[in-house]
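A.B. asks: Here's a structure for you.
Protein chains in written order, with full-length UniProt numbering: chain A, 1 to 706; chain B, 1 to 706.
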């Protein structure tokens, strides 16, 4: 598409989402047809604009005058929605373009999602639209559901209910069926949506266009995304930060966490799934919440829309109900969900002690044996105490069947609204719990059916709070002595060059000298101090150990001479032989950096050696980092307790590891796309106060440094 | 309770569960009262026996003649159910005993669950009952729900529905409220229960009594348990094996997985939670399925009741639906749930290829773009192919909103019933999915609302299949040369004694000699071969390393003499100094054995060193073991890939580790309670074919071995 073929946009995204006039191409009285459902939902849910059914064979549809073609309908037409057979699609789009339509929402599928022929047709349709300045949503989408303004431009069966409750949850989805399902799921629990957009194949308008809209949309308080692959990841990270600055949590399910999921996502909407790990790091860094389960995303969004947010990350939970069995099993499920019970304050314990014997004053709190007390003000007093306890971030109420379920449910919303923490009400029973559920709907208060759902929500709330906490920190500051980079050639660097680069950013590396013959190696060893290591250096050889080019623990001059001879024999073509101090440490870390196209500079930290492979114990983040970011990466490692000092072992120099990682992150940020990748592997970490040192390094530059 | 005070039982458990006559003490017309609900549910759900309301103030209740006291009601009375204030309980129980009542179901609480005073009253009530031969259920229970025979002896609000569907799920629960909730939950999904028993404080009849009943009960096909603490664990393991032999899966949620859960369970029904790890090992060994989430237990029980079981453990899954988004996100959720997609056979791929282009023939299978084909026989063909595929254990259908949801749902039950594998149908949408749900209820076919629930069910089905597979193996056989144990003293053994015990069971230990002076140590070192290790030996010192009593890598006689002198100075009181070969290995394992009261002999294996602490990477099982059992313990270790050989590292001698663990298990089984505990830590594991060797050992004997 050359610029000459592109006309200015006829309509903005906001105009498409809240159109004044909508033409339904292929409109029908038959709700069994796509075009029948679209017009049905528009009328049923009270669309307030002009509605223009287009059908050459009918004079009226649903009592409205029908037009044989969009060009015959009274303009202007903000949006045309097309649910026509793929064979007629191009002509209909051409008609729309000619008629001055602002945007087409194309529900029709089998375009780029169905092979090369469909992709070619999609390109032709896009060209027609762009030449006219007409925007496209889809194809292969389920349209746009604007609940706030009752403009339901969609054929989704998810709209097949009597009343749609609007609310603060916005959604952009690369799966229309999933979107309709999640809207329906949410409505069952009283969740309310603002605008939900199914983007389909994203021929023109794409996920980020609608994300931009939702960030600025006053009706949207929480944003949910179902992402298969980003068309332009570079747009995404700044948007997430913008949403965070606007105080709007972004929740996201990303296809492709598993290898099979990634493959399947590629063949679904013809999008590249991209690197899941990079996406995950991007979300964390920008304060977005990445979830696995789309249903959990809706529940978490609802909690963020209708309940207070967590005061901050890292707090505990209060679990309270009148069933010992349900409180105990809920408490037992917390550790696997990465959650914990709170440690109640003395004040909270004192309040509880007024209603039950001391032996029962503990979390989880079973009020069952003391219901007389708790029913008469006791429950209220306990919950008020929890709301004021500094270690309690949220309250979970896992209800079981019992007398007066609904009256008890009714107690909670006003009580919860006095406080500033989320209270999650769970009703596990089947239909006997329906009165309690209805009480919650009547009070416009969220509820859940499953304790497991509540824990998934709490994990998401915790991630949201952590993102919020991080966003409140000052921006990363460059440490003293980090850079500039020295002059280095393009391509794979030698170990010595890579270490020079690391050292220029203040990362400690082994003392070493490049020796050209055995005697200068012996001299160097004497200066460095025995024992030493010898390594054959060649730009062509990356895995030196595999070729026997690394000789460890050389204790004297004779050993150095013998090792030099062996290396010389194994590597006739070489830059030299590195004579290196023999460093020691208590743990091996690997630090890495790479440029991920679309995502920018990333850094990685993990445990070195065979464990990295087995445990996949690595953490990734966008560069540059603050020290606090680097430390939280370390704390997320499964083997973190090894660094912190476990059972009598000394704590290691975490500060040195943090410093090295921060410095590497500045290196990666400064070099940008010029640094293809860099590994410091291993970095040996010593006991606290004794530092860290990189003993091997490699790096590849896309272009040389001057 | 002395035997003299105990009369023979008036009634068997089966008679209590299916009584011919029931007296309701404290019967009322008011369903707001416990006694009112009990009689209400008995009548409403069609109790067919004699119903005897007991109330001194009423002539009739619910149209039935009421009696002022149980002794005035026409006998015989099989069961009296008591929901009376705790102050009147003893007198009522005395009346029942005097009137010849077979058993009392005591709903009244605040007995042993509410402190010492309540516990004393509970003891008096038990004494009254036992003296008469009258059995007790409870107190502090919610009674017995016999769905099969419509004898609903319970006040649980979970029964507050129009119709109760009977089925094959039996339940024994230490929480009445949880039981009622789970029954209600199950009924929503069309699950059917046989007999559900709330055991409360288990003053007399306890969980194992009812478990025994359910194992023999023809109406019960699957057994579910909510356990807070076993009164007699020694009864439990044989019962699990009996259930397995009867082909009845046992599913179990056990309180106390977390420390807080364990504490809370203790204060709930006054039962000791016991060692969770031992309970977990017991369940696995006996083929019972331990779950975390009570709701998942009900869903899994329903799947086992109404669907075929998995052909065997270890198979993959087919995920199929007409939404790319839902199939992809479902596939992405599998790895975290410990599940995997299947590898389709060529035959399956060929079948699928008839309905969709080759590029779409992969799992998860998205039929969305090819619905025309799949709707007309394609879906059926795919599912039949999956049912015949040797790597497909189960099929998951994660439905989203779409046209014709209910007709499509109706296709599945008959299709699934043609095959012999479970098909899990998931309907995530809210009320727009209700027709599809009803279609499944009408077809008596299970459905779920949440993909996460389906995955929890599949994990449980996998565990059930693994237990079934294991039960089909021949019993453990003693390896050659395992025992007998040598004579050894009571108490903590020395390292040399513990190794002698291990060696007597054929476990390889380091070559070593106990030396009394430096010169005999030098002589021994010469025989063993340098380098050697010296260890000071004293029965009083367990942690030798901490006191500097272990000297490693002694390369010559001078080093041995120096080391001996240092040890002699540090440990004047000693049995001697052990001169030991300096063994090497590629990995450090820890093997342990202990006697767990109520559970019997247990063995443990894990990785040694600091990692054990950090990763909690240990596996426990009951002794003795088959080699296959020992190997599957190894395979469950997080670090198993280290043993199997990861990325270029050699595979280690897994067979030697298996052999050592099997031998230790026979040692533990033979010694029984005489072996308090034993650790072989570390056992060094070498490369495949090169064996394993225990380099240190300790053990404590409760009594000496002759």
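Glycine included, every Cβ here is placed at the ideal spot set by N, Cα and C.
Remember, it's a predicted structure, so these values are computed and weren't measured experimentally.
Within the same chain, show all residues whose beta-carbon is closer than 7 Å to that of residue 281(B), passing over the 5 residues directly before and after it, in chain order.
C.D. replies: Correct list, in chain order: 602, 620, 621, 622.
A.B. asks: Residue 333(A) versus chain B: which residues are under 9 Å apart at the beta carbon?
C.D. replies: Chain B residues near residue 333(A): 257, 258, 261, 292, 293.
A.B. asks: Residue range of the alpha helix (DSSP H) that residue 437(A) falls in?
C.D. replies: Taken as a continuous stretch (DSSP letters only), the alpha helix (DSSP H) holding residue 437(A) covers 434-442.
A.B. asks: On the three-state DSSP scale, how would you describe residue 60(B)?
C.D. replies: Three-state DSSP puts residue 60(B) in a strand.
A.B. asks: Pair every Cβ in the stretch 417-436 of chain A with every Cβ in the stretch 464-472 of chain A, then say whether three or more of these pairs are closer than 8 Å.
C.D. replies: As far as the Cβ criterion goes, the stretch 417-436 of chain A does not touch the stretch 464-472 of chain A, which means the pair count is below three.
A.B. asks: Quick one: is residue 418(A) buried, meaning 16 or more other Cβ sit within 10 Å of its Cβ, or exposed?
C.D. replies: Exposed, because fewer than 16 other Cβ atoms sit within 10 Å of the Cβ of residue 418(A).
A.B. asks: What is the DSSP secondary structure of residue 698(A), reduced to helix, strand or coil?
C.D. replies: In the structure shown, residue 698(A) sits in a strand (DSSP, three-state: E or B).
A.B. asks: Take the Cβ of residue 140(B) as the centre, count every other Cβ of all protein chains shown within 10 Å, and call the residue buried at 16 or more, exposed below.
C.D. replies: Classification for residue 140(B): buried.
A.B. asks: Are the CB atoms of residue 595(B) and residue 624(B) within a distance shorter than 8 Å?
C.D. replies: Going by C-beta atoms, residue 624(B) is not nearer than 8 Å to residue 595(B).
A.B. asks: Can we say the stretch 174-190 of chain A touches the stretch 43-59 of chain A, given the rule of at least three CB pairs closer than 8 Å?
C.D. replies: With the cut-off at 8 Å, the stretch 174-190 of chain A and the stretch 43-59 of chain A do not touch.
A.B. asks: Measure the alpha-carbon distance for residue 360(B) versus residue 305(B) and round it to whole angstroms.
C.D. replies: Cα-Cα distance, rounded: 34 Å.
A.B. asks: So the candidates are 238(A), 646(A), 296(A); which of them puts its Cα closest to the Cα of residue 451(A)?
C.D. replies: Residue 296(A) is the option with its Cα nearest to residue 451(A).
A.B. asks: Is it a yes or a no for the stretch 327-338 of chain A touching the stretch 253-262 of chain B, going by three-plus beta-carbon pairs under 8 Å?
C.D. replies: Yes, since at least three Cβ pairs between the stretch 327-338 of chain A and the stretch 253-262 of chain B fall closer than 8 Å, the two stretches touch.
A.B. asks: Got a sec: which bits of the stretch 26-47 of chain B sit with their beta carbon under 8 Å from any beta carbon on chain A, in order along the chain?
C.D. replies: Within the stretch 26-47 of chain B, the qualifying residues are 32.
A.B. asks: Answer with yes or no whether the minimum CB distance from residue 619(A) to chain B is below 8 Å.
C.D. replies: Not an interface residue.
A.B. asks: Nearest to residue 584(B) by CA position, among 518(B), 308(B), 686(B), is which residue?
C.D. replies: Checked all of 518(B), 308(B), 686(B); the closest Cα to residue 584(B) is 686(B).
A.B. asks: Counting only C-beta atoms, is residue 696(A) closer than 8 Å to chain B at any point?
C.D. replies: Cβ-Cβ to chain B under 8 Å: no for residue 696(A).
A.B. asks: Quick check: the Cα distance between residue 132(B) and residue 151(B), rounded to an integer number of angstroms?
C.D. replies: Approximately 25 Å between the Cα atoms of the pair.
A.B. asks: DSSP three-state call for residue 507(B): helix, strand or coil?
C.D. replies: It is coil, neither helix nor strand.
A.B. asks: What residues from the stretch 400-423 of chain A come within 8 Å of chain B, judged by C-beta to C-beta, listed N to C?
C.D. replies: For the stretch 400-423 of chain A, which is checked against every Cβ of chain B, the residues closer than 8 Å are 400, 401, 402, 403, 405.
A.B. asks: What number of angstroms, rounded off, separates the C-alpha of residue 413(A) from the C-alpha of residue 693(A)?
C.D. replies: Going from the Cα of residue 413(A) to the Cα of residue 693(A) covers about 56 Å.
A.B. asks: Whole angstroms is fine: what's the gap from residue 277(A)'s alpha carbon to residue 599(A)'s?
C.D. replies: Looking at the two C-alpha atoms, the distance is approximately 11 Å.
A.B. asks: Along the chain, where does the alpha helix (DSSP H) that runs through residue 386(A) open and close?
C.D. replies: Residues 379-388.
A.B. asks: Considering residue 122(A), what are the terminal residues of the alpha helix (DSSP H) in which it resides?
C.D. replies: Where residue 122(A) is concerned, the enclosing alpha helix (DSSP H) stretches over 116-132.
A.B. asks: Please report whether the beta-carbon of residue 271(A) lies at a distance below 8 Å from any beta-carbon of chain B.
C.D. replies: For residue 271(A), the predicted structure reports a pLDDT of 41, less than 50, and the residue's modelled location is therefore unreliable. A value from the coordinates is still provided. So, not an interface residue.
A.B. asks: Report the CB separation of residue 401(B) from residue 158(A) in whole angstroms; it is logged as a contact under 8 Å.
C.D. replies: Yes, they are in contact, since the Cβ atoms of residue 401(B) and residue 158(A) sit about 5 Å apart, within 8 Å.
A.B. asks: Among the residues of its own chain, which have a CB less than 6 Å from the CB of residue 481(A), if the five just before and after it don't count?
C.D. replies: The answer, listed in chain order, is 506.
A.B. asks: Which complete beta strand (DSSP E) runs does the stretch 607-674 of chain B hold, if anything under 3 residues is left out?
C.D. replies: Within the stretch 607-674 of chain B, the complete beta strand (DSSP E) runs of at least 3 residues are 618-622.
A.B. asks: First and last residue of the beta strand (DSSP E) that includes residue 173(B)?
C.D. replies: That run of the beta strand (DSSP E) goes 166-173.
A.B. asks: How is the alpha helix (DSSP H) around residue 145(A) delimited, first residue to last?
C.D. replies: Element bounds for residue 145(A): not the alpha helix (DSSP H) but the beta strand (DSSP E), 143-146.
A.B. asks: When burial is assigned at 16 or more other CB atoms within 10 Å of the CB, is residue 497(A) buried or exposed?
C.D. replies: Counting Cβ neighbours within 10 Å, residue 497(A) comes out buried, since at least 16 surround it.
A.B. asks: Of the residues that make up the stretch 441-456 of chain A, which ones have a beta carbon closer than 9 Å to any beta carbon in chain B?
C.D. replies: Under the 9 Å Cβ criterion, the stretch 441-456 of chain A contributes 449, 450, 451, 452, 453, 456.
A.B. asks: Is residue 323(B) near residue 389(B), with beta carbons less than 8 Å apart?
C.D. replies: Contact: no.
A.B. asks: State the CB to CB distance for the pair residue 576(B) and residue 589(B), rounded to an integer number of angstroms; the pair is presumed to be in contact (CB under 8 Å).
C.D. replies: About 28 Å; that fails the 8 Å criterion.
A.B. asks: Strictly below 8 Å CB to CB, what residues from chain B border residue 638(A)?
C.D. replies: Going along chain B in sequence order, the residues near residue 638(A) (Cβ under 8 Å) are 614, 615.
A.B. asks: Give me whichever residues DSSP pairs with residue 678(A) in a beta bridge.
C.D. replies: According to DSSP, which records beta bridges pairwise, residue 678(A) is partnered with 593(A), 699(A).
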